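For reference, the structure discussed in these notes is given below.
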Amino acid sequence: MSLATLLLLADGRLPSGGHAHSGGLEPQIANGRVRDIGGLDGFLRGKLATSGLVSAAFAAAACADTGRAAELDAGLDARTPSPALRKASRAQGRALLRAGRAMWPVGAIGREPHQPVALGALAAAAGLMPAEAAIAAAHGLVTGSASAGVRLLGLDPYAVHALLARLAPECDRIAAAAAARSGDPVDELPAAGAPLLDIGAEHHATWEVRLFAS
Numbered sequence: 053m054s055l056a057t058l059l060l061l062a063d064g065r066l067p068s069g070g071h072a073h074s075g076g077l078e079p080q081i082a083n084g085r086v087r088d089i090g091g092l093d094g095f096l097r098g099k100l101a102t103s104g105l106v107s108a109a110f111a112a113a114a115c116a117d118t119g120r121a122a123e124l125d126a127g128l129d130a131r132t133p134s135p136a137l138r139k140a141s142r143a144q145g146r147a148l149l150r151a152g153r154a155m156w157p158v159g160a161i162g163r164e165p166h167q168p169v170a171l172g173a174l175a176a177a178a179g180l181m182p183a184e185a186a187i188a189a190a191h192g193l194v195t196g197s198a199s200a201g202v203r204l205l206g207l208d209p210y211a212v213h214a215l216l217a218r219l220a221p222e223c224d225r226i227a228a229a230a231a232a233r234s235g236d237p238v239d240e241l242p243a244a245g246a247p248l249l250d251i252g253a254e255h256h257a258t259w260e261v262r263l264f265a266s
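Quick note: my numbering has the sequence shown finishing at residue 266, numbered continuously throughout.
Structure (structure tokens):
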């Protein structure tokens, strides 16, 4: 493993468009479910246990075998009932591939793959292992929404990063569980759902004014 390469892949400054997405946080703030650092804690823990596990597992599986990209992409479609979330995931996957191909020789995995599939393919091209791809997926999921929380709620960034530090062991646990299943058939990979995220995403997509794309 190259630690520097993993840090580069997980860096929030990677020009992959992630800063334009709140990971479902914006609608949850608007409907009053997240108001403060405690609410953000609960939101991030819930995301890690559901969509975080799914994303990490699919990123690890794509890293383990990029030849499964199309099958994994279809599996993620089946696990993403919200059209708005499917659109957001594919937009982020497309942007991530563009950034990744400027750094590493990434093989063909489709024009607009879901973000976890693109992440796994990039990790493989960079010489990383499935466990590292899973870590990057879990880490990116929480840090992206946490950064959005600072912007949307005006939270203290020091307090938010203290929260991220407390969540680090949970990220590691989720990533390890996901990576352990990287060779499973697609239908047996995690399929944990978060209905409120799906509902919130559909409402969010109808807003005329919003800070984030999703």
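All residues carry an ideal CB built from backbone N, CA and C; glycine is no exception. It should be emphasised that the depicted structure is a prediction, and the values quoted were computed from it without experimental measurement.
Cβ separation of residue i and residue j, assumed to be a contact under 8 angstroms, to the nearest whole Å
i	j	result
residue 140	residue 265	6 angstroms
residue 40	residue 151	Shown here, the chain extends from 53 to 266; a query on residue 40 therefore has no answer.
residue 64	residue 195	6 angstroms
residue 203	residue 128	About 27 angstroms separates the two Cβ atoms, so there is no contact after all.
residue 113	residue 241	6 angstroms
residue 123	residue 238	5 angstroms
residue 219	residue 96	6 angstroms
Cβ-Cβ distance between residue i and residue j below 8 angstroms
i	j	result
residue 253	residue 134	yes
residue 190	residue 223	yes
residue 76	residue 85	no
residue 108	residue 226	yes
residue 234	residue 126	no
residue 61	residue 149	no
residue 110	residue 172	yes
residue 158	residue 177	yes
residue 192	residue 164	no
residue 217	residue 182	no
residue 214	residue 78	no
residue 81	residue 121	no
residue 59	residue 180	no
residue 229	residue 99	no
residue 136	residue 256	yes
Under the three-state DSSP convention, the category residue i falls into
i	result
residue 146	helix
residue 164	coil
residue 75	coil
residue 257	coil
residue 70	helix
residue 242	coil
residue 64	coil
residue 55	helix
residue 263	coil
Residue-level contact to chain D via CB, residue i, 8 angstroms cutoff
i	result
residue 148	Annotation note: the requested chain D is absent from the structure, which comprises a single protein chain.
* **Continuous alpha helix (DSSP H) assignments of at least 4 residues falling wholly in the stretch 80-153** => 89-99, 105-116, 121-130, 135-153
* Asked: Which full runs of the alpha helix (DSSP H) of 4+ residues lie inside the stretch 154-236, going along the chain?
  -> 167-177, 182-205, 209-231
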